[in-house]
Amino acid sequence: MFCLSALCTFYINVGADCNPPFYIQLQIPFNKQKNKITKKQKHNKMRVSFDFDGTLTENIVQGYAKELVTKGIDVFIVTGRYNELLRVMNGSKTNEDLFALADEIGIEHKHIVFTNRADKSYTIGGSGLIWHLDDDLNALNDINRYSDVKGVWIGDSDWKERCNELLTEVGL
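Using my numbering, the first residue of the sequence shown is number 56, and each one after it goes up by one.
What follows is the structure, given as structure tokens:
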């Protein structure tokens, strides 16, 4: 890997059995904030986030996310999945299902955050999110303990009411 300022160049050996070896060159913008929701994205609009696998994949949650998008709330997906580069390097499944569902709901692709298995509390802390809905109690414990975002568990029967209550508290 070779990085200069805001651009990283990766050389990937895809033809180790070839003589001479075959490399591909991949250039990717480098963001020092990594996968954090950056200050540039902050504004006065209300913002909420959903985990993807096990949360936004549920029909009732998809309907709720669509309602929020219709109301003009910025909806984010914050997932522990690998981003496109690391997905390929780690042999993980494709993210096509995630992007297709985001399009169906009306979530902008710039509002999809891959944590690459890092703690979500680090990624969303200080981001201006009101709440994050998730099915992982460990992730929610970290979010509630180490960030300023309210973590809401989809396993609670009143999760939707809790989310609406938090939105009401900030003025929706």
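Glycine is no exception: its CB is placed at the ideal position from the N, C-alpha and C atoms.
From a predicted model like this one, the values you see are computed outputs, not experimental measurements.
Ranked by Cα distance from residue 136, the options 128, 147 and 126 are led by 147.
Close CB contacts of residue 161 within its chain, under the 6 Å cut and outside five residues either way in sequence, are with 124 (chain order). Taking a contact as a CB-CB distance under 8 Å, the pair residue 187 and residue 133 counts as one, their CB atoms being some 6 Å apart. Membership of residue 154 in the alpha helix (DSSP H) is indicated by the continuous run 151–160. Assigned with DSSP and collapsed to three states, residue 205 falls in strand. Distances from the CA of residue 185 to each of 144, 114 and 221 were compared; the closest alpha carbon is that of 221. Put simply, of 189, 180 and 141 the residue whose alpha carbon is nearest the alpha carbon of residue 109 is 189. Under the three-state reduction of DSSP output, residue 225 falls in the coil class, being neither helix nor strand. Of all alpha-carbon atoms in 197, 211 and 119, the one lying nearest the alpha-carbon of residue 159 is that of 119. Comparing C-alpha distances from residue 214 to each of 166, 107, 102 and 116 shows the shortest one belongs to 116. By the CB criterion at 9 Å, residue 169 and residue 150 fall inside the cutoff.
The beta carbons of residue 179 and residue 212 sit no closer together than 9 Å. The three-state reading of DSSP puts residue 212 in coil, since its state is none of H, G, I, E or B. Residue burial annotation: residue 205 is buried, with at least 16 other C-beta atoms found within 10 angstroms of its C-beta.
For residue 134, no alpha helix (DSSP H) encloses it; the enclosing beta strand (DSSP E) starts and ends at 129–134. Residue range 167–169 is occupied by the beta strand (DSSP E) that includes residue 167.
As computed with DSSP, residue 189 is found in a beta bridge with 208.
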